[in-house]
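For reference, the structure is listed below as structure tokens.
There are 2 protein chains.
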Amino acid sequence: MSALASVLDHLDNDTDAAIERLFELLRIPSISTDPAFAADCARTADWLVKDLETIGFKAQAHQTAGHPIILAEDHDSAGPHVLFYGHYDVQPVDPLSLWDRDPFDPAVTAREDGTRQICGRGASDDKGQVMTFIEACRAWKRAAGRLPCKVTILLEGEEESGGAHLPGFLDAHKERLSKAGIALVCDTSMWSPDTPAITTSLRGMASEEVIIHAASRDLHSGYYGGAAANPIAILARALGQLHDGEGRVTLEGFYDGVSEPSDQVKEQWQSLDFTAEEFLGEVGLKHPAGETDRSCLELVWSRPTAEINGITGGYTGVGFKTVIPAQASAKVSFRLVGEQDPKAVSKAFRAFINARIPPDCRAEFIEHGGSPAVTMPVEAPPFARARQALSDEWETDAVFVGGGGSIPVVGEFKRKLGLDALLIGFALDDDRIHSPNEKYDLRSFDKGRRSWARVLAALAEA
Amino acid sequence: MSALASVLDHLDNDTDAAIERLFELLRIPSISTDPAFAADCARTADWLVKDLETIGFKAQAHQTAGHPIILAEDHDSAGPHVLFYGHYDVQPVDPLSLWDRDPFDPAVTAREDGTRQICGRGASDDKGQVMTFIEACRAWKRAAGRLPCKVTILLEGEEESGGAHLPGFLDAHKERLSKAGIALVCDTSMWSPDTPAITTSLRGMASEEVIIHAASRDLHSGYYGGAAANPIAILARALGQLHDGEGRVTLEGFYDGVSEPSDQVKEQWQSLDFTAEEFLGEVGLKHPAGETDRSCLELVWSRPTAEINGITGGYTGVGFKTVIPAQASAKVSFRLVGEQDPKAVSKAFRAFINARIPPDCRAEFIEHGGSPAVTMPVEAPPFARARQALSDEWETDAVFVGGGGSIPVVGEFKRKLGLDALLIGFALDDDRIHSPNEKYDLRSFDKGRRSWARVLAALAEA
Chain A
34 MSALASVLDH LDNDTDAAIE RLFELLRIPS ISTDPAFAAD CARTADWLVK
84 DLETIGFKAQ AHQTAGHPII LAEDHDSAGP HVLFYGHYDV QPVDPLSLWD
134 RDPFDPAVTA REDGTRQICG RGASDDKGQV MTFIEACRAW KRAAGRLPCK
184 VTILLEGEEE SGGAHLPGFL DAHKERLSKA GIALVCDTSM WSPDTPAITT
234 SLRGMASEEV IIHAASRDLH SGYYGGAAAN PIAILARALG QLHDGEGRVT
284 LEGFYDGVSE PSDQVKEQWQ SLDFTAEEFL GEVGLKHPAG ETDRSCLELV
334 WSRPTAEING ITGGYTGVGF KTVIPAQASA KVSFRLVGEQ DPKAVSKAFR
384 AFINARIPPD CRAEFIEHGG SPAVTMPVEA PPFARARQAL SDEWETDAVF
434 VGGGGSIPVV GEFKRKLGLD ALLIGFALDD DRIHSPNEKY DLRSFDKGRR
484 SWARVLAALA EA
Chain B
34 MSALASVLDH LDNDTDAAIE RLFELLRIPS ISTDPAFAAD CARTADWLVK
84 DLETIGFKAQ AHQTAGHPII LAEDHDSAGP HVLFYGHYDV QPVDPLSLWD
134 RDPFDPAVTA REDGTRQICG RGASDDKGQV MTFIEACRAW KRAAGRLPCK
184 VTILLEGEEE SGGAHLPGFL DAHKERLSKA GIALVCDTSM WSPDTPAITT
234 SLRGMASEEV IIHAASRDLH SGYYGGAAAN PIAILARALG QLHDGEGRVT
284 LEGFYDGVSE PSDQVKEQWQ SLDFTAEEFL GEVGLKHPAG ETDRSCLELV
334 WSRPTAEING ITGGYTGVGF KTVIPAQASA KVSFRLVGEQ DPKAVSKAFR
384 AFINARIPPD CRAEFIEHGG SPAVTMPVEA PPFARARQAL SDEWETDAVF
434 VGGGGSIPVV GEFKRKLGLD ALLIGFALDD DRIHSPNEKY DLRSFDKGRR
484 SWARVLAALA EA
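As given, the protein sequences belong to chains A and B, one line each in that order. Counting from 34, one number per residue, gives the positions in the first sequence under our numbering. Counting from 34, one number per residue, gives the positions in the second sequence under our numbering.
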């Protein structure tokens, strides 16, 4: 029996224990954006350090001004050096009332079609995905005695909240981290439940919070209505102008640096079995929003966006209150492509808002982090090897796809460490990440662990 | 000593006890718009019934499908019959963090200028004002043995939440209530701290809540952003078009029925010592919003408005969440003047929103009540008598003013009972009604009680 075969065997026999380990991790509510959960983030980091040590990694949770960053190394292999990245923090869980069960009390549940799902916040994004890789490493050590590659594992706790402290950490540990030849990232999706994918481009992001300040206190709309500036109306009017009638973003210079995908890439996209009806139908929609002259796949993979992610102002409780509030605020994010500069986009947004504020009102801005888009060199040998390993496991050709989301660290790996990244993940589009009832298919978890075991073997063949 | 002089004397000697009675009333959190406070509204009604009985009124709290309506009568006088109206419900108190003290733990505090204020939710709107009239009745009974007029007191508990059940109550008790010759309402303001006012016109209102439904669940803006309809953006765009560049409301037919005040009324307004700088400066603003070709006084007294009173959608907590929410909602109210029809305005608003919703989204509407504007016949004798009584108490000429707020019952009194209303109140513009740190000047409470004692005497002279 080959080493890989023993490893795959071991994984198949270790599923129950692997699920129990994942459950332990999922039970800790590591919501990074809310300071109330800081101790839970630290506890999560400690749990991971201990687990990696049991496998044989030298592991440490490095304190930052935010949440800890974990660095773990097992360099005993004679093979090539890979740097695995994942994140242990999760999104908030509100609205809690829409969850079928406690988001931090994970369980495996069965659907009518016979598939089984791991349910809980972080099951897919990204704790479940991270554990597919860690379990593959554990299996290599247990079944084969050694890893096929030198492995460095880097796990951050602020991916869902701007990732402010990772770039500085990469700078500080640059010499150590740049010894790797490629990065491995497990935070993306399958193309379909049966077709694995390597994501070869990611949109970047700029995110801003804007608070419009008007009167010095909340006002009665009877006494002041008509004469006093209404910050909700000012905010709505400005945000309502963020797109033109054709769905294009109206910020000055917004499309600077936006490029079209190569003909080759576009051709591959056209060959994919993708329809807007199916993609949007899944979530109760039919008609693509956004730029009217673009295909749905372009809209989510290769076109930049402006989205209002949150808005609040005035009375929002039950009933009615005739108030003109003192302030109103919104959270706005921009998905970026090509060479778009996040800082330039943030600056243009602030100028856009400020140009729409009456003289005695004021706009306050809070930046929530940004990152440029990235595109991978799909012709490099590791991409073909990993693709083959995935195709072997899933018994179908793995595909190269675009990605609409943003994983800022991938750009940082390229710029700071000179590393390209293999973005391989086993999430599915219906995993409800960032939403109530997040889940990860048990099949994703099982074949994900096996896939990583194969990818590590394939990269070692270099 | 005349009967009136004895009554005024009694009021001056009874201040501490009157304040303690008001405090008891203020301590009950009768927030009518929030179902969680329904029992407190009932308790408030019971407290008032008991208090009115101690004065000698036959009083009863009538149950409705909402909060109780109190009807109390003392018809022993040979004088004319008046119907006093007030409301015992109060506005919500959020944001609670901006209150200097518990809104339902009232106290009298002193300002640096030596003035003293009764602080608490409802101190001014409307519990404090209601008690100025009840205390005046108590003093007439105690000091003179009888009221100078036949008095019916009508107190509702849904003024701040649409007043849905009062019109039906007026219909049901029409014969009894229409025996009065005029209505007295204490829910308005002084012209200035030294100048009392009778409000002779009130704006009407139409209020609507709109909920935009898009996807069947919250979405990740990376996966779906650019292709999925964003309900916040749809809402912002629609509400941003509610006014044109000159501040006019863009609803179709909105200005139907809007008339200009008479030249006489406009002339009196011009003689008032009013400046936009002072009015808006009080709340940290300078520049009148709204229609650019109207004076600030017109904007708040004689022009209709559209105001967004609340908006919410997506993630509004600390930090950032890249979500495209399934829904977003807003509460919008319209102040109406002249013959504007609240139902027509609500209908035009719904059509306006529906015309701006993409095909696979849906707008849901909730009506929160409406009322037309009203204008009083200032030439009728009770207006001159009441004006003289106020001028005597405050030792300065009382003025007739317009009112920007809406007191729907005033229109109902006219339409259902054939009664005009004397709108006399002692609130001040800085009372922070509907806002944190609501207060009622002790001077308003003291001279307000004395004013009603005089007004009752003056109306009895008929």
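Quick reminder that beta carbons are idealized off the backbone N, C-alpha and C, glycines included. Remember, predicted model here, so these are calculated numbers, not experimental data.
Mind checking who residue i pairs with in its DSSP beta bridge?
| i | result |
| --- | --- |
| Thr338 (chain A) | A:Arg368 |
| Thr66 (chain A) | None, per the DSSP bridge assignment. |
| Ala140 (chain B) | B:Cys152 |
| Ile457 (chain A) | A:Ile231 |
| Lys91 (chain B) | B:Glu106 |
| Gly119 (chain A) | A:Leu188 |
| Gln360 (chain A) | A:His246 |
| Ile344 (chain A) | A:Ala363, B:Gly346 |
| Ala396 (chain A) | A:Ile245 |
| Ser225 (chain B) | B:Thr228 |
Please work out which residues of its chain come closer than 6 Å, Cβ to Cβ, to residue i, disregarding the five sequence neighbours upstream and downstream, and give them in chain order.
| i | result |
| --- | --- |
| Glu189 (chain B) | Ile102, His120, Leu199 |
| Arg383 (chain B) | Phe398 |
| Phe56 (chain B) | Pro139 |
| Arg76 (chain B) | Ile61 |
| Trp302 (chain B) | Leu330 |
| Val218 (chain B) | Tyr118, Ala454, Leu456 |
| Trp485 (chain B) | Thr165, Phe166, Ala169 |
Quick check on residue i: does DSSP put it in helix, strand or coil?
| i | result |
| --- | --- |
| Asp430 (chain A) | coil |
| His401 (chain A) | strand |
| Glu412 (chain A) | coil |
| Lys447 (chain A) | helix |
| Tyr257 (chain B) | helix |
| Gly190 (chain B) | coil |
| Glu208 (chain B) | helix |
| Gln274 (chain A) | coil |
| Phe56 (chain B) | helix |
| Gly350 (chain B) | coil |
| Leu252 (chain B) | strand |
| Gly286 (chain B) | coil |
| Val442 (chain B) | helix |
| Gly147 (chain A) | coil |
| Gly436 (chain A) | strand |
Looking only at its chain, what residues have a beta carbon closer than 8 Å to the beta carbon of residue i, apart from the 5 residues adjacent to it on each side?
| i | result |
| --- | --- |
| His206 (chain A) | Leu104 |
| Ile267 (chain B) | Ile245, Ala247, Ala361, Arg389, Ile390, Pro391, Cys394 |
| Leu272 (chain B) | Ile341, Ile344, Ala363, Val365 |
| Thr33 (chain B) | Residue 33 (chain B) is absent from the structure shown; chain B starts at 34 and stops at 495. |
Can you round the beta-carbon distance between residue i and residue j to whole angstroms, since I take them to be within the 8 Å contact cut?
| i | j | result |
| --- | --- | --- |
| Leu116 (chain B) | Thr165 (chain B) | Wrong, their Cβ atoms sit about 16 Å apart, outside the cutoff. |
| Leu85 (chain B) | Ile151 (chain B) | Not really, about 21 Å apart at Cβ, beyond 8 Å. |
| Ser157 (chain B) | Asp464 (chain B) | 4 Å |
| Gly259 (chain A) | Leu332 (chain B) | 4 Å |
| Arg487 (chain A) | Asp430 (chain A) | Not a contact, Cβ separation roughly 15 Å. |
| Gly214 (chain B) | His114 (chain B) | 6 Å |
| Leu305 (chain A) | Val432 (chain A) | 7 Å |
| His12 (chain A) | Arg175 (chain A) | Here chain A covers residues 34 to 495 and nothing more, so residue 12 (chain A) does not appear. |
The beta strand (DSSP E) that contains residue i, what's its start and end?
| i | result |
| --- | --- |
| Cys170 (chain B) | Counting along the chain, Cys170 (chain B) falls outside any beta strand (DSSP E), though it belongs to the alpha helix (DSSP H) covering 160-172. |
| Ile245 (chain B) | 237-246 |
| Ala20 (chain A) | Nothing about residue 20 (chain A) can be reported from this structure: the residues present for chain A run from 34 to 495 only. |
| Ala216 (chain A) | 215-218 |
I'd like the span of the alpha helix (DSSP H) that includes residue i, first residue to last.
| i | result |
| --- | --- |
| Ser484 (chain B) | 475-493 |
| Cys74 (chain B) | 71-88 |
| Val298 (chain A) | 296-304 |
| Ser379 (chain B) | 375-387 |
| Gly280 (chain A) | Note, Gly280 (chain A): premise wrong, no alpha helix (DSSP H); not H, not E. |
| Asp45 (chain B) | 36-46 |
| Ala309 (chain B) | 309-314 |
Can you find the residues in the same chain that come closer than 7 Å, C-beta to C-beta, to residue i, ignoring five residues on each side of it along the sequence?
| i | result |
| --- | --- |
| Ala111 (chain A) | none |
Applying a beta-carbon distance threshold of less than 9 Å, which residues of chain C neighbour residue i?
| i | result |
| --- | --- |
| Asp251 (chain B) | Absent from the structure: chain C. Protein chains present are A and B. |
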